[in-house]
Amino acid sequence: KKIILSGIQPTGVFTLGNYLGAVRNWKTIQDEYRCYYFIADLHSLTIQIDPAKRRQQTLQAFALLLACGIDPEKSLIFVQSHNPCHAEMGWLMDCCSQFGELSRMTQFKDKSAKHPDNINAGLFTYPALMAGDILLYQADYVPVGADQTQHLEFCRDIATRFNHAYGEIFKLPEGYFPKAGARVMSLQDPTSKMSKSDTNPKATISILDEEPVILKKFKSAVTDSEARVCYREDKPGVSNLMTIYSAVTGRTMDEITAEFEGKGYGDFKAAVGQSVADELRPIREKYAQLMQDRAYLESLMRDGAERATRIAAKTLTKAKKRVGLLLEK
Ligand code: ATP
Ligand code: MG
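Numbering (full-length UniProt numbering), first residue to last: 12 to 340.
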């Protein structure tokens, strides 16, 4: 089986964007591939979060993956910092990343604009750590949202460079873009993507939001004054709602336009909200159940850490040897 690897940061409850753009697909590919999924807590250190909250969110993210249908019998699930190989490999990757190429990363530009008071070195070298995450497991495919394709390209560049300099070690990973993947935009500013770390709660749907909250957020989603449901570049708000509705119901844009012909945005928003609420309800219920059994979650984490470390250590040792680190005998 081909290897799939992907991660998600414990920076808050997953959004509808994380779900429709990433985690929902992670679930569907579990039988076909050998899947490794991790909670990227090291990456989350690039953003300021209260330590107790970070711990809580890490446990929560782990439970959310399970609640979304990631099955620990099929997939390897672990917390990034539980496997020390990531930090070590990250440093090797840092040392073959160039300042110029890292400066061109749009996520770095976006996030440093958002947090001008904390433009830390980790935020800058984020793509190098991410490259290490992927290369450690010799992943064939990396399912990422459109916001991460530049980082994946960077990972391939580094792997190629490393292989050239030190001999073939790393497999070159490819992006995996499922047909049903969706890029979900903010409900309040439909030209920027929906993000967990967004501080405006009206802009994001959290996958743990309850039905009335979901309906209300969709009701106040930004649209336009045309009152026509159609997918067009100059209608980012309506197009975003259509993307969501299409991803949840499987209907095409044309079918959606036909469905709401002659109806107002009120009906449209209510239908989108209802479809999302129905989709998320079972996840919320499963999550509540899982959080009651902390011992179970912790034992899965221990097991995941152990297996992930065993796999990653092989590649790490090889890479260390090749760059000329004198290994202990
Ligand atoms: P943060 O704001 O902390 O960066 P995030 O919402 O961007 O959080 P990540 O943990 O960075 O989430 O990314 C997890 C996965 O979700 C990645 O595969 C990413 O491509 C995907 N993703 C994130 N936001 C969206 C979105 N709005 N639409 C579709 N996919 C998304
Ligand atoms: Mg992100």
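A virtual CB, placed ideally from N, CA and C, is assigned to each residue, including glycine.
query = Straight-line CA distance for K182 to D151?
reply = 7 Å
Review point. Between L226 and A288, what straight-line distance do the alpha-carbon atoms span, to the nearest angstrom?
Key: 8 Å
**Request:** Ignore the nearest five residues each way along the sequence and tell me which others in C46's own chain have a CB closer than 6 Å to its CB.
**Result:** The answer, listed in chain order, is I15 and S86.
* Asked: Any idea what DSSP makes of K204, helix, strand or coil?
  -> strand
Notebook entry, point to check: Do you know whose CA, among Y30, Q300 and N94, lies nearest L53's CA?
Noted result: N94
Q. Between V233 and Q199, is the Cβ-Cβ spacing less than 8 Å?
A. yes
### Query
Taking 7 Å as the cut-off, does the CB of V287 come closer than this to any heavy atom belonging to ligand 4?
Only ligand 1 and ligand 2 can be found as ligands here, which leaves ligand 4 out of the picture.
Report task. Could you confirm whether any beta carbon from chain C is found closer than 8 Å to the beta carbon of F173? Result -> Within the model displayed, chain C is absent; a lone protein chain is all it includes.
Would you say the beta carbon of M194 is closer than 7 Å to some non-hydrogen atom of ligand 1?
A small correction: the amino acid at residue 194 is Arg; Met does not occupy that position in the sequence shown. Annotation for R194 indicates a beta carbon within 7 Å of some heavy atom of ligand 1.
Exercise. Would you please state the rounded distance, in angstroms, between the beta carbons of I58 and Q91? I believe it to be under 8 Å.
Key: That belief does not hold up - the Cβ atoms of I58 and Q91 are roughly 15 Å apart, past 8 Å.
For ligand 2, which residues have a Cβ under 7 Å from at least one heavy atom, in chain order? Q20, Q118, D158 and S206
**Other residues of its chain near residue 342: CB distance less than 8 Å, five sequence neighbours each side excluded** = Only positions 12 to 340 of the chain appear in this structure, which leaves residue 342 out of reach.
Tell me whether K204, by its Cβ, gets closer than 7 Å to a heavy atom of ligand 1. yes
For Q67, is the classification buried or exposed, using 16 other Cβ atoms within 10 angstroms of its Cβ as the cut-off for buried? exposed
Q: Less than 8 Å between the CB atoms is what I'm expecting for G143 and H97, so what's the real figure, rounded?
A: 6 Å
Classify C79 as buried or exposed, calling it buried when 16 or more other Cβ atoms lie within 10 Å of its own Cβ.
-> buried
Exercise. Should N29 be counted as a contact of ligand 1 given a C-beta to heavy atom distance under 7 Å?
Worked result: yes
- Neighbour-count burial assignment, Q109, 16 or more Cβ in a 10 Å radius: By the neighbour-count rule (16 or more Cβ atoms within 10 Å), Q109 is not buried but exposed.
### Boundaries of the beta strand (DSSP E) in which P154 is found, first to last residue
Y152 to P154
Exercise for review: With distances taken Cα to Cα, identify the nearest neighbour of A176 among L337, E339, K12 and K332.
Suggested key: Residue K332 is the option with its Cα nearest to A176.
- Message: Just to confirm the assignment, what range does the alpha helix (DSSP H) spanning S17 have?
- Response: Looking at the DSSP string, S17 is not in any alpha helix (DSSP H); the run it does join, the beta strand (DSSP E), is I14 to I19.
Check your understanding: When every heavy atom of ligand 1 is checked, does at least one fall within less than 7 Å of the C-beta of S208?
Key -> At a cut-off of 7 Å, the beta-carbon of S208 counts as near ligand 1: some heavy atom of the ligand is closer than that.
Cross-strand partners of Y47 (DSSP beta bridge): L16 and L87
Would you say the beta carbon of T326 is closer than 7 Å to some non-hydrogen atom of ligand 1?
Not so, every heavy atom of ligand 1 lies at least 7 Å from the Cβ.
- Do you know offhand how far A63's Cα is from E84's? 30 Å
### Query
Taking C-alpha atoms, which residue in N129, L103, Y48 and Y137 lies nearest to L113?
That would be Y137, whose Cα lies nearest to the Cα of L113.
query = Would you call Y298 buried or exposed, if buried means 16 or more other Cβ atoms sit within 10 Å of its Cβ?
reply = buried
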